[in-house]
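Chain order of the listed sequences is A and B. Read in UniProt numbering, the first sequence has 103 at position 103, and its numbers run on one by one without any break. Read in UniProt numbering, the second sequence has 195 at position 195, and its numbers run on one by one without any break. Every residue, glycine too, gets a C-beta built ideally from N, C-alpha and C. To start, the structure under review is shown below, and the notes come after it.
Number of protein chains: 2
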Amino acid sequence: MYTIPELQKLIEQAIPAIEYPSHPKNLYDPITYIMNLGGKRLRPALVLIATDLFSGDVNAAMPAALAIETFHNFTLIHDDIMDNAPLRRGKQTVHEKWGVNNAILSGDVMMVEANKQLAQVNTGVLKDVLNTFNTTAQGVCEGQQLDMEFETRNDVSILEYINMIRLKTAVLVGGAMKLGAIISEVSPEQAELIYDFGENLGIAFQLQDDILDVYGDPEKFGKQVGGDIIANKKTFLLLNLQQAVSKADEQSLLDQSTNNNLDQKIAKITALYEKYDIRGLATKEMTAYLDKAFDALARIAVEKHRKEQLIQLSKELMNRET
Amino acid sequence: MYTIPELQKLIEQAIPAIEYPSHPKNLYDPITYIMNLGGKRLRPALVLIATDLFSGDVNAAMPAALAIETFHNFTLIHDDIMDNAPLRRGKQTVHEKWGVNNAILSGDVMMVEANKQLAQVNTGVLKDVLNTFNTTAQGVCEGQQLDMEFETRNDVSILEYINMIRLKTAVLVGGAMKLGAIISEVSPEQAELIYDFGENLGIAFQLQDDILDVYGDPEKFGKQVGGDIIANKKTFLLLNLQQAVSKADEQSLLDQSTNNNLDQKIAKITALYEKYDIRGLATKEMTAYLDKAFDALARIAVEKHRKEQLIQLSKELMNRET
Chain A
1 MYTIPELQKL IEQAIPAIEY PSHPKNLYDP ITYIMNLGGK RLRPALVLIA TDLFSGDVNA
61 AMPAALAIET FHNFTLIHDD IMDNAPLRRG KQTVHEKWGV NNAILSGDVM MVEANKQLAQ
121 VNTGVLKDVL NTFNTTAQGV CEGQQLDMEF ETRNDVSILE YINMIRLKTA VLVGGAMKLG
181 AIISEVSPEQ AELIYDFGEN LGIAFQLQDD ILDVYGDPEK FGKQVGGDII ANKKTFLLLN
241 LQQAVSKADE QSLLDQSTNN NLDQKIAKIT ALYEKYDIRG LATKEMTAYL DKAFDALARI
301 AVEKHRKEQL IQLSKELMNR ET
Chain B
1 MYTIPELQKL IEQAIPAIEY PSHPKNLYDP ITYIMNLGGK RLRPALVLIA TDLFSGDVNA
61 AMPAALAIET FHNFTLIHDD IMDNAPLRRG KQTVHEKWGV NNAILSGDVM MVEANKQLAQ
121 VNTGVLKDVL NTFNTTAQGV CEGQQLDMEF ETRNDVSILE YINMIRLKTA VLVGGAMKLG
181 AIISEVSPEQ AELIYDFGEN LGIAFQLQDD ILDVYGDPEK FGKQVGGDII ANKKTFLLLN
241 LQQAVSKADE QSLLDQSTNN NLDQKIAKIT ALYEKYDIRG LATKEMTAYL DKAFDALARI
301 AVEKHRKEQL IQLSKELMNR ET
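Okay, structure coming up:
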């Protein structure tokens with residue numbers, strides 16, 4: 001069995017080896033650029049981790065892993081346009097560097113590149129692989145659409161929020177692992193279990209992200225601590241606070257949304273989170289999803305010791321500060 | 001054997017029957033909207049025409065035909081954003097109606113819908129179908145990129161122009177027909193021949209489009225006659241004129257590029273086209289590609305009478321005024 005760092009290394013080696021056409025240069029350079037901005041390569045690694053868990057051939061799963069990473073980076077290019085984001089991993093975003101039109105089109109051709117990689121998997125599992133990949137890609141698009149719509153809505157329910165992060169983040173985690181299972185030719189039931197593990201882990205991961213935005217260590221957290229608060233982002237924490245606050249605090253919360261003193265804004269909203277123990281509530285919810293993930297993992301029919309790495313990885317992801 | 005109008009009718013019936021998710025509404029409504037703006041459905045019909053030519057099962061080819069039409073409409077959504085176009089077939093473009101971000105994302109999910117349809121073809125031909133579709137889609141993206149780049153370049157050669165229209169328009173015509181051939185399980189040689197027929201027909205079609213921009217009947221031509229001249233678009237005609245003009249006429253041609261009297265601009269440039277017989281030159285080039293198409297068709301190993309409809313269609317396309 002491979003260790004997770006070994007699988008991540010395989011991905012790291014495979015990415016620069018992908019060959020794109022050289023012409024038109026401005027169409028393909030952005031692909032090389034964003035694919036090499038780095039990152040933990042967790043999504044493609046999960047394809048290989050799932051393959052290895054079920055004793056499948058990790059090399060046979062590599063095209064699917066690269067398809068997942070390519071697709072993920074394509075969504076980053078288009079999301080950055082939609083979010084008007086100037087930076088990605090501290091570097092210029094593609095649309096900043098090449099212009100919006102070029103970024104739209106490079107993203108489009110990247111989606112084709114993802115499909116080209118996918119088409120390389122063994123014929124026997126190809127149809128299942130395509131169906132899982134397409135369902136996953138569709139979910140991610142739906143999640144991004146909901147995320148955009150939530151920005152201008154004031155009646156987002158907590159259930160709707162969970163569904164949005166499920167689509168935007170978690171289906172890709174689940175889908176990546178399901179691809180690995182399909183390539184290992186396990187039963188549909190086993191493939192669904194690893195999907196459930198991944199999806200629930202993904203939701204827990206995103207809830208942890210919401211918590212870290214407020215409580216992360218500024219020295220270690222990759223993004224600006226309080227960034228969601230400043231942007232009035234409807235996170236799991238804010239939506240729960242809005243439900244929990246008394247009439248008196250409701251007005252004070254409302255006032256903060258237009259407070260231009262950002263340090264004060266962060267401090268005041270964090271104080272409200274403390275008062276209503278929103279952190280405890282969010283941690284409880286996160287733990288519930290993590291438990292669901294572990295329940296699914298426990299039901300997977302492979303020797304227990306093969307699951308240990310995944311359990312360890314999950315725990316690390318939940319205790320991370322970055 | 002089906003008639004071409006019968007195949008077009010099959011497509012017309014199949015399109016409204018495609019089921020998209022109902023939610024998020026703003027993600028999927030643009031798909032239904034653009035798919036139902038009309039058009040001749042020529043591209044998807046070509047998949048079925050090729051299938052029928054090779055005595056394949058037209059119903060088995062329908063998913064690939066719908067994938068081609070869905071992909072084509074996805075490119076229209078994104079192209080309209082890039083071209084900042086307000087109207088498409090006389091109706092608001094998707095980005096005008098739903099906003100640019102929504103249009104990017106609806107386009108993205110449409111690409112996924114195209115792939116979902118494609119994944120429904122018979123397993124035995126699936127890999128070939130995917131490879132042809134992906135190569136086609138990639139070519140179309142490259143063509144759009146080159147088209148955008150040519151707007152700001154002053155050194156576009158005629159060969160580069162032909163390559164651009166080949167990628168932007170003709171590979172989709174060829175690719176659509178090749179899909180039909182693959183689904184009919186013909187030999188790779190036969191599939192390449194119908195691809196060559198389609199690609200060359202597509203180039204001839206686009207050259208005819210360039211000619212019609214200047215010489216089309218304003219009552220019948222779908223677009224504004226002289227629209228390319230007004231926009232200083234580097235068409236086959238303009239590029240050839242630039243090569244052919246004398247020193248004296250070169251300055252007069254240059255002056256027209258900034259002439260705001262549009263009727264005069266059209267008249268003066270048309271006069272230069274006449275003087276150097278650019279229409280004759282373009283017609284000759286168009287005919288050469290049409291001949292190449294017919295040569296490929298002649299080499300296809302099916303009874304001659306089965307090819308008659310395609311020959312008739314090709315001739316109609318070259319003698320059209322719309």
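Measure from the C-beta of residue i to each C-beta in chain B and report whether the shortest distance is under 7 Å.
i      : result
L262/A : no
Q144/A : yes
L130/A : yes
A137/A : yes
T123/A : yes
K127/A : yes
Beta-carbon of residue i versus every beta-carbon of chain A: anything under 7 Å?
i      : result
I182/B : no
Q117/B : no
H305/B : no
N134/B : yes
Taking C-alpha atoms, which residue in the options lies nearest to residue i?
i      : options                        : result
F133/A : E113/A, L172/A, N36/A          : L172/A
E316/B : E303/B, L290/B, I269/B, R299/B : L290/B
D80/A  : A65/A, E96/A, I68/A            : E96/A
P21/B  : P5/A, K116/A, Q138/A, K268/A   : Q138/A
A204/A : V58/A, H78/A, N84/A, L281/A    : L281/A
P30/A  : E113/A, D249/A, I300/A         : E113/A
A14/B  : N260/B, V58/B, H23/B, T51/B    : V58/B
I4/A   : A50/A, Y28/A, K25/A, T32/A     : A50/A
L10/B  : H23/B, L66/B, T32/B            : L66/B
P16/A  : M1/A, H23/A, Y33/A             : Y33/A
N131/A : A271/B, T135/B, Q120/B, L193/B : Q120/B
D210/B : Y2/B, F197/B, D228/B           : D228/B
E142/B : D108/A, N240/A, A271/A         : D108/A
F197/B : T169/B, N259/B, L297/B, K223/B : L297/B
Using only the alpha-carbon positions, how far apart do residue i and residue j sit?
i      : j      : result
L48/B  : E308/B : 15 Å
L76/A  : A45/A  : 18 Å
I18/B  : H72/B  : 16 Å
T287/B : G202/B : 12 Å
L167/B : G180/A : 35 Å
G216/A : D277/A : 16 Å
L310/A : L207/B : 59 Å
T93/A  : H78/B  : 19 Å
V140/A : M111/A : 13 Å
R306/B : K127/B : 28 Å
Q264/A : M62/A  : 49 Å
T70/B  : E12/B  : 13 Å
R279/A : N319/A : 14 Å
R302/A : L193/A : Residue identity check: residue 302/A is Val in the sequence provided, not Arg. If you take the alpha carbons of V302/A and L193/A, they lie about 12 Å apart.
A248/B : M82/B  : 36 Å
S106/B : Y28/B  : 7 Å
A85/A  : V214/A : 21 Å
L254/A : I158/A : 18 Å
Y2/A   : A267/A : 45 Å
Which whole-angstrom value describes the C-beta separation of residue i and residue j, a residue pair presumed to lie in contact below a C-beta threshold of 8 Å?
i      : j      : result
K91/A  : L42/A  : That belief does not hold up - the Cβ atoms of K91/A and L42/A are roughly 19 Å apart, past 8 Å.
A64/B  : L118/B : 6 Å
F54/B  : V186/B : 5 Å
Y195/B : L237/B : In fact, because the Cβ distance is near 27 Å, the residues do not count as touching under 8 Å.
N101/B : E149/A : Going by Cβ atoms, the distance from N101/B to E149/A rounds to 10 Å, so no, they are not a contact pair.
N232/B : S257/B : 5 Å
A176/B : I68/B  : 5 Å
K292/A : N200/A : 4 Å
I230/B : L262/B : 5 Å
L241/A : V156/A : Incorrect: roughly 13 Å between the Cβ atoms, too far for contact.
Within 6 Å: the Cβ of residue i and any heavy atom of the ligand NAP?
i      : result
K284/A : You won't find the ligand NAP in this model; it holds no ligand whatsoever.
**Item:** Residues of the segment 18-30 of chain A whose Cβ lies closer than 7 Å to any Cβ of chain B, in chain order
**Value:** P24, N26, L27
**Prompt:** In the segment 87-111 of chain B, which residues sit with their C-beta less than 9 Å from some C-beta in chain A, listed in chain order?
**Reply:** V100, N101, N102, I104, L105, S106, G107, D108, V109, M111
**Proximal residues, the segment 52-82 of chain B versus chain A, C-beta separation under 7 Å** = H78, I81, M82
**Prompt:** Along the segment 140-169 of chain A, what residues have a CB closer than 7 Å to any CB found in chain B?
**Reply:** C141, E142, Q144, Q145, L146, M148, E149
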